[in-house]
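Take a look at the structure below.
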Amino acid sequence: MSEKEKERISLEEAMARGREAQKRLEELDKEERARLEADGWAQDEDKTEEGDSDEEEYNSLIAGLSEVALLMKKPNIVNGTGFLYDERCLAHKNEWDPGHPEKPARASCSYERCSQLGLVERCTRIEARYGREDEVLLQHDFPQIEALQATSAMTVDEHKDLARRNEDVYFNQSTYECALLGVGSTIEVMESVLKKQVRNGFALVRPPGHHASTDAFCGFCFYNNVAIAAKHALDNLGLNRILVVDWDVHHGQATQRQFYNDNRLLYISIHRYEYGKYWPNLRESDYDYIGNGDGRGFNVNIPLNQTKLGDSDYLSIFQQIIMPLAYQFNPELVLVSSGFDAAVGCPEGEMLVTPAAYAHFVHMMSQLAEGRVCVVLEGGYNLKSLSEGVALSLRELLGDPCPLLKSTQEPSDSVVESILNAIKVLSPYWSCLAYQTSLMEGDLCTFPGVNTTPPLDGVEFITDKSNAVYDLDYSYPYSTVQEYFENEKKWDDTIDHLIAEMSLAVPPHRTCLVYDAGMKAHRPLDYPNHPEKPERISRIYDKHRELGLLDRCLLLKCRLAEGHELELCHTSSHVEFMSDLENRDLDVIKHYQYKHNSVYLCRETNICAKMAVGGTLNVVDTVLSGQSRNGVAIVRPPGHHAECGTPMGFCMFNTVAIAAKYAQKQHGIKRVLILDWDVHHGNGTQHMFYEDPSILYISLHRYDGGFFFPGSQDGDFTRVGKGAGLGYNVNIPWHYGGKGDNEYLAAFQQIVMPIAYEFAPDLVLVSAGFDAAIGDPLGGCLITPAGYGHMTHMLSGLAGGRVILVLEGGYNLVSISNCMSTCTSVLLGDSVPQWTYKEPQNVAVMTICDVLDTHKKFWKSLKFRVGIPKIEEEEEKKKSKKSKKKKPSASDTSVEDSLVNLTENLTVQDGARPAVKDECFLVADKQADVTYDSGISSVTDKTHLATDEISKVTDDGSKNTDDSSKNTDNSSKNTDDSSKNTDDSSKNADNSSKNTDDSSKNADNSSKNTDDSSKNADNSSKNTDNSSKNTDEISEVTGETRKDPDNSLHTDEAVQGACGGAEGGNLVSNTDLLTQLGMQGVQGMYAVQPLPWCKHLQQVAPLPEGGLNVDDPCDVCQNRGENWVCLLCYKVFCSRYVAGHMVSHGEEAGHPLVLSYADLSVWCYQCDNYVANQVLKPAISSAHKSKFGNEL
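Right under this line is the structure:
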């Protein structure tokens, strides 16, 4: 049995584990069930619908799959950076022009700088070898081999004669040997990486190679080192996907030609072009040359049409083109044709890229292919900037922090045009390029160069060079050799200044970590199953120990935060209130907790909260004093909901906010980035820094129109800061659950990283909640440990690597342990786990676009969000269709190392997801067959399809319209918020209408069908499409300790506060589970299960005549928004977020069971939990029919 098979748990075993979990749950309620049966309240077995056994299997399956999907291997650590340099490469030199730019000193000076910085001795030295003839023949013909071999016996005059017949090359008697050495050495480095002898490698070789074509020497190049190595890996080593990134300032036209028809290799080139006026003066170097045949879409040119472009321009290309394409392509190996002739001071490129920027480029490449990156030297002709660029690239491969970059500036309009033009021609082939709108016929892009097609009038391209005779004196792009070298020398002072101001200090410790079991003393008094349980931190800590991470960290002690530290962000009265808890009676403490939103308190709460803050501040001190590069704080209670003057949402003190102010006050830090990926919006953090431009707050959270906890409009993308802080508050608000790696990484690429580089923080603090992880009971999202690892790696390129992760939420003990351990592993320098691209939900793409549209006025790095022309040629459409079928993905290959990707192998047999969707949530009573690719029998279930991953839904399956309207066209599918099918003439949500008649397109109150352009659905119209089950659990107050000494009800559990999440235990279907493991939350993955039995069920009254009407207003205030119905008297009252009348009713009448008209979940006040039982089905079914037009 292979290692992978040993690590993988079978589905049968998973189901067995699920059955055991289900059995344990049933045993907990055994006595209660027996009593209810004795009272005649047991469910009638004769009346249960067919499929009880299916339901048991279903529950077992989800419990088992939850465990399987969240298993995490010990990090597969491959240590070492391979480095190859051999002095024999210096023998190739120009015998008649010693000052020729492609001189031996290019290699020797680079090696000396690497040695000077102590880098070489830290590398694993790889022995150079000569390339074999069979290897060279992979990309070059035999006459070319013979011609170069013959130069070994030629005279200088013969070398000159041969040079005149080949473009921009010179020869000597060592040229052939050095060229073979370059080929063999490149292959040797690559094979060392693929054999896992080293993680990555650098081949310091010359002569360069990327201009050498199959049958011609060209541009200083003889054999194409990178192209030969790539071909060898594809044809002989079994690789299926290789990414070649060529950032040499000259287009690698030979590499392009050699893979132009091959979709196994994605070639991306950034090069100076000037509309074809710059060497090699080829038409094929322009953006519209995108490959041919099977390789169409796999050749990417980013032509630069002006000089003096710098870091900001190049980073924009990486963010907008290279990284999105690379993630979707999912390479098994990355080869970099690393020319440094775009570096500042190089006379060839005349660009302004700093040497430090190359380290950031390499850092981005290291996110791919589990870090299997080989950097191969190409060009670079200013010895100072070349040597520094080589050294900093090698330093990054070794795992040292990226040097600080200055704040990025607005990208050049010329570069923007090049990027948009590339997107214009590539978007039919790559779904990741989805953030520009398509212009209507007759409309023009705001960037004029995007409205035209190449070539530019008046440009002459060199096509036939067969009879050309070339000058032996090289001076390009200047008229004289003297001018060439004068231009090089004038940059010396600038380069010296860049080197001098750059800090290359490496802290003695990589990662510090703080944890103290004393923080477990904070626990609920009445509710032992509360999700914010003490075991959260101990399980995370134990997983760190199990994976060997603790032994690699600098372990810090905790301390209590001082009062003056807490008052950096909190009022003195709040600090005093928390302190008073230590001496209060339990009854008083219980009374206090009822007055606050979603918190529980005990005497130890203050001490634990002060430990959480104090421990985090110790991490800040350790990182900012230079003892450790980054840090991790495994602390509780969480903090980001805590406001200046009050606790909220499980949070007492705002730990991360205090840490940010502490870093500024104590260590003089100027700019802090707070990145909050907790599934809930960090309302407290936002409010504290809303007018502060020195602290950039970016939050990715579930929002659901403002109904997801904390249930406020403050989390919307329109909340951008105030006063001096305008633009420094960035909300990325997801609508509905099911957001996973795909959506989060897209947001990082499009929003987070561009803004972060422009902000240029000195410190990055992460509010690291893991309740958006797959399996979390509150979030209903799908981020895997690998997804968190990738986000961590991206952030670690900022602030000189000074990144601190502070635990916030996360309530599935398995998932939080795996996810936070993965983040720590990445901070420690381990490879980022392999990740498989899936197209983001359309509703998520729309959210990202909303944020871009809102913030591009504040951040110049977001200027790419514009309309671009659509490719209309029929030929392009045909090729687009063909290419979409051939779009690369990890499922094409053997990269299946992580069990996290278990569900990625699930496919919908009914048909593929459409390339462009008008809707994201389709509702249907149609069967869908789902199969597991590895041979497991299909599971078929009649269900509502709650995910946009299932696209084949017919008109018959859409029963979501009122009988009077009969509008069931697939293009509108009734009323999902994500489909945005509201007509421009009627953009406001109609509270009174449940229909979406084609003529009026009025948004239904129950489904909030708002138009994408207006987004102005009425606040009272809650987003509760049946397919997404979401608006509901938007508010989540209910899972916390809410019983008071008098047994009276002090909470509006109808609004499920920070404990209720978005799902509340409502299951959708097997299909949803198997297609997106927990799209709206899955019972078996919950840390808190809905109660299957409840002693108050016997109090449920029969339905009133006529059933329920979800549009009934609150009996007291006539609110028609978020209402609940009492299942004992059937009176309707509003939630606490409206006026709290259901809370009052529960207290006064003593009626414990209520049904949410938002999500159709049932809450029991006195049991303090959700309830799911057949007794409740008539009420739920009646509400469902009223809400969606069809019964369950």
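The opening position of the sequence shown corresponds to residue 3 in our numbering, with each subsequent residue numbered one higher.
All C-beta atoms, glycine included, are put in the ideal place defined by N, C-alpha and C.
Keeping to the same chain, check which residues put their C-beta closer than 8 Å to that of Asn263; ignore five residues upstream and five downstream. Gly293, Asn294, Gly295, Asp296 and Gly297
Do Ile128 and Val247 have their C-beta atoms within less than 8 Å of each other? Result no, Cβ atoms of Ile128 and Val247 do not sit closer than 8 Å.
Classify Glu169 as helix, strand or coil using the three-state DSSP reduction. strand
Less than 8 Å between the C-beta atoms of Leu119 and Ala393, yes or no? yes
Is it a yes or a no for the stretch 540–550 touching the stretch 810–820, going by three-plus beta-carbon pairs under 8 Å? yes
Please state if the CB of Leu121 and the CB of Arg397 are separated by a distance shorter than 8 Å. Yes, they are a contact pair.
Taking just the CA atoms, how far does Ala611 sit from Phe711? Cα to Cα, the separation comes out at about 21 Å.
What are the boundary residues of the beta strand (DSSP E) that Gly203 is part of? Asn202 to Ala205
Uninterrupted beta strand (DSSP E) stretches inside the stretch 187–255 (no shorter than 3 residues): 202–205 and 244–248
Is it buried or exposed, Ala614, if we count other Cβ atoms within 10 angstroms and call 16 or more buried? buried
How far does the beta strand (DSSP E) with Leu337 in it extend, from its first residue to its last? Taken as a continuous stretch (DSSP letters only), the beta strand (DSSP E) holding Leu337 covers Leu335 to Ser340.
Excluding the five sequence neighbours on either side, which residues of its own chain have a C-beta within less than 6 Å of the C-beta of Asn659, listed in chain order? The amino acid at residue 659 is misidentified as Asn; the sequence shows Ala. Contacts found: Cys571, Thr687 and Met690.
Could you check the C-alpha separation between Arg554 and Pro103 for me, to the nearest Å? 46 Å
Beta-bridge partners of Arg605, as assigned by DSSP: DSSP lists no partner for Arg605.
Use the C-beta contact count for Asp587: other C-beta atoms within 10 angstroms, 16 or more gives buried, fewer gives exposed. By the neighbour-count criterion, in which 16 or more other beta carbons inside 10 Å mark a residue as buried, Asp587 falls on the exposed side.
At which residue ranges does the stretch 1109–1177 contain complete alpha helix (DSSP H) runs of 4 or more residues, listed in the order of the chain? 1143–1151
Buried or exposed for Ser505, please, with buried defined as at least 16 other CB atoms from any protein chain shown within 10 angstroms of its CB. exposed
So, at 6 Å on beta carbons, what are the nonlocal neighbours of Glu334 in its own chain, with the 5 sequence-adjacent residues on each side left out? Leu241, Arg243 and Ala371
Which runs of the beta strand (DSSP E) spanning at least 3 residues fall entirely within the stretch 493–532, listed in chain order? 511–516
Which stretch, first to last residue, makes up the alpha helix (DSSP H) that contains Tyr108? As written in the sequence, residue 108 is Arg, which differs from the Tyr given in the question. Unbroken alpha helix (DSSP H) run through Arg108: Ala107 to Gln118.
Using the beta-carbon count (16 or more within 10 Å), is Cys1136 buried or exposed? That one is buried.
Excluding sequence positions up to five away, which residues of its chain have a Cβ less than 7 Å from the Cβ of Gly616? Cys560, Arg561, Leu562 and Ala563
Residue from Tyr699, Glu693, Pro695 and His669 with nearest C-alpha to Asp680: Answer by Cα proximity: Tyr699.
Quick one: grab the DSSP three-state call for Tyr480. Coil.
Which whole-angstrom value is the C-beta distance of Arg1201 and Gln330, which I expect to be below 8 Å? The structure shown does not extend to residue 1201, since the chain is modelled only from 3 to 1194, so the question has no answer here.
Coil, strand or helix - Ile785 by DSSP: strand
With respect to 7 Å, is the separation between the Cβ of Arg134 and the closest non-hydrogen atom of the ligand SAH below this value? This structure lacks the ligand SAH, and indeed carries no ligand of any kind.
Could you spell out the range, first to last residue, of the alpha helix (DSSP H) harbouring Asp778? Taken as a continuous stretch (DSSP letters only), Asp778 belongs to no alpha helix (DSSP H), as it is neither H nor E.
Go ahead and pull the three-state DSSP assignment for Leu422. Leu422 falls in the helix class under three-state DSSP.
If you follow the beta strand (DSSP E) that Ile806 is part of, which residue opens it and which one closes it? Val805 to Leu809
Contacting residues, own chain, Cβ-Cβ under 6 Å from Ser833 (five flanking each side not counted): Glu372 and Gly373
Contacting residues, own chain, Cβ-Cβ under 8 Å from Pro763 (five flanking each side not counted): Arg673, Val674, Leu675, Leu698, Leu800 and Ala801
Minimum C-alpha distance to Glu841 - residue among Ala1185, Asn489, Cys434 and Leu809: Cys434
Hey, how far is the Cα of Val590 from the Cα of Leu583? 9 Å
Using 10 angstroms around the beta-carbon of Gly781, count the other beta-carbons present and answer buried if the total reaches 16, otherwise exposed. buried
With DSSP collapsed to three states, give me the class of Met156. coil
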